[in-house]
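Protein chains: 2
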Amino acid sequence: MDFFDVVTTQRAIRRFRPDPVPDVLVRRLLAAATRAPSARGAEPWGFVVVRDAALRAEIGRLYLQAWEAAGTFTREADADRDVKESPHYARMMRGADDLARSLATVPVLIVCCLDHARLGPIADGIGGLRAPGAAYASILPAVQNLLLAARALGLGSTLTTLHRVFESNLRVGLGLPASVEPVVLVPLGFPLDRFGPTRRRAVEEVAHLDRWGSPFVVRAGT
Amino acid sequence: MDFFDVVTTQRAIRRFRPDPVPDVLVRRLLAAATRAPSARGAEPWGFVVVRDAALRAEIGRLYLQAWEAAGTFTREADADRDVKESPHYARMMRGADDLARSLATVPVLIVCCLDHARLGPIADGIGGLRAPGAAYASILPAVQNLLLAARALGLGSTLTTLHRVFESNLRVGLGLPASVEPVVLVPLGFPLDRFGPTRRRAVEEVAHLDRWGSPFVVRAGT
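Residue numbers (numbering that gives the first Met the number 0), protein chains in the order written: chain A, 0 to 221; chain B, 0 to 221.
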């Protein structure tokens, strides 16, 4: 599939068909993930592919609790007041709600982890990060490769971080070593939702030339 | 270009030809960047395209200072002892040294920013982040799209975070609002170095099935 077709049609897929996802496809996603850059070339990533039904059921149960608590907080604090009138918001929230209610039955969950033991001076050795930007820049590009590769293979996925609410339980369930931080949870399966094209803010709105606020516009002949 | 060809040949390019980079190509990279996911669909990114020669010269000067200070620290603390015997390390460090010495003449620098004012409850409103993973997951996937799109268009780029050392100066130079965090600096130009294929740790070494330490292996017939 053409690169730009993949990039412009990749979007969050939150509803999945029950069909199993072949190991060979999972392996291709993970291989794509590992092509990403990382600080010091240390490749401080690890991926836990969760297929076990009991484990998915337990993660799904905790995820739904976390989702409901987050929803209560968001409503009470009106925390999404800046985005809730945007055209995508209602659709996104319905999808996220459906995902939370069905996570246990999504065929595969991939927990994308950052191993602090491979971060050298970027980690502080006691669970914290001296340079969080550089640390997360050594796992999140790999996650994006994974999401794009899923799209290229006709698989749906989405990037979630709500598992951080029940991180201690997740650590026990997956047997994560103390140095390993579960950064992103990616549900994966054949999509019920359709892929994009996606809609985004225009480049002109987010790009600046030399100075914030100075518009980047394509000059004639360049 | 085929998606998997892009992913498997994208690599850090740290030496550039002096040829100018057309605005239309820069615009295509930025359009690809904006297709990435973001928390709450808020698209909290901004990109400063630095073309001005005086600004690049100043950033280059500060970057080289930061690079030399980092080198002294790394040598004295032996901070890269865990990776310095790896096959790529010496080549990577020569490339990074060449980049630091020539940054002022790289045709374009793209400063990829995260606007905390668009993070809602993820930011704490006083410059910090309540959920750093979710925050950086709203800019670093966009950066990876940008690096991949550069590769697809025959442009070289690399992900750097060393500018954080002189962040206050950079903020002034680019006129960044207080809420805007410059997360990644991407040098961009036509490559002198060659693209990949890249070499990475094997999938078998980084993938686990259901539990950390339990090997993920492709089962026959799946």
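Idealized CB from N, CA, C, for every residue including glycine.
| Asked | Found |
| --- | --- |
| Inter-residue Cα distance where the pair is arginine 60/B and methionine 91/A | 45 Å |
| Straight-line Cα distance separating serine 137/B from proline 176/A | 26 Å |
| Own chain residues within Cβ distance below 8 Å of glutamate 203/A, not counting five before or after | Pro214, Phe215 and Val216 |
| DSSP state of valine 48/A mapped onto helix, strand, coil | strand |
| Proximal residues to aspartate 18/B (C-beta, below 8 Å), its chain only, five neighbours per side dropped | Pro106, Gly188 and Phe189 |
| Alpha-carbon to alpha-carbon, alanine 41/B and threonine 8/B | 31 Å |
| Check whether valine 49/B and leucine 113/B have beta carbons under 7 Å apart | no |
| Alanine 76/B: contacting residues in chain D (beta-carbon distance under 9 Å) | Absent from the structure is chain D; the protein chains it does hold are A and B. |
| Beta-carbon proximity check, alanine 134/B vs leucine 118/B, cutoff 7 Å | yes |
| Chain-ordered chain A contacts of glycine 212/B [CB-CB under 8 Å] | Gly174 |
| Residue-level contact to chain A via CB, asparagine 168/B, 7 Å cutoff | no |
| Closest residue to phenylalanine 15/A among Pro186/A, Leu208/A, Gly195/A and Val205/A (Cα-Cα distance) | Pro186/A |
| Assumed close pair tryptophan 44/A, valine 20/B - CB separation to whole angstroms, cut-off 8 Å | Not really, about 31 Å apart at Cβ, beyond 8 Å. |
| Minimum C-alpha distance to proline 86/A - residue among Tyr62/A, Thr197/A and Ser37/A | Thr197/A |
| Three-state class that DSSP yields for histidine 115/B in the structure shown | helix |
| Rounded distance between the beta-carbons of valine 142/B and leucine 158/B, thought under 8 Å | 6 Å |
| Assumed close pair valine 5/A, alanine 151/A - CB separation to whole angstroms, cut-off 8 Å | 5 Å |
| Which of helix, strand or coil DSSP assigns to aspartate 4/A | helix |
| Exposure label - threonine 71/B; buried when at least 16 CB within 10 Å | exposed |
| Where the beta strand (DSSP E) containing leucine 29/B begins and where it ends | Leucine 29/B -> not in any beta strand (DSSP E); alpha helix (DSSP H) instead, spanning 22-32. |
| Minimum length 4: unbroken alpha helix (DSSP H) runs contained in the region 82-153 of chain A | 88-101, 131-135 and 139-151 |
| C-beta contact flag for leucine 184/A and valine 82/A at 7 Å | no |
| For glutamate 180/A, the residue or residues it bridges with in DSSP | Leu113/A |
| Beta-carbon spacing of proline 120/B, alanine 78/A below 7 Å | yes |
| Cβ pair alanine 51/A, aspartate 97/B closer than 7 Å | Note on identity: in this sequence residue 51/A is aspartate, with alanine being the wrong assignment. Contact flag unset, no. |
| Neighbour flag for threonine 71/B against chain A, beta carbons, 7 Å | no |
| Nearest neighbour of tryptophan 211/B, chosen from Val23/A, Gly126/A and Val47/A [CA to CA] | Val47/A |
| Leucine 161/A and proline 140/B closer than 7 Å at C-beta | no |
| Rounded C-alpha distance that separates alanine 122/B from tyrosine 62/A | 22 Å |
| Closer than 8 Å at the beta carbon, the chain A residues around aspartate 209/B | Val47, Val48, Val49, Arg50, Asp51, Leu54 and Leu173 |
| Inter-residue spacing [alpha-carbon to alpha-carbon] between arginine 200/A and histidine 207/A | 14 Å |
| Where glycine 155/A sits in the DSSP three-state scheme | strand |
| Of the residues Asp22/B, Ile12/B and Ala130/B, the one placed nearest alanine 219/A, counting alpha carbons only | Asp22/B |
| Contact set between leucine 29/B and chain A, taken where Cβ atoms lie within less than 9 Å | Val202, Val205, Ala206 and Phe215 |
| Under 8 Å from the C-beta of threonine 160/A: neighbouring residues of chain B | Ala38, Ala130, Gly132, Ala133 and Ala136 |
| Enclosing beta strand (DSSP E) for leucine 208/B [first to last residue] | 206-208 |
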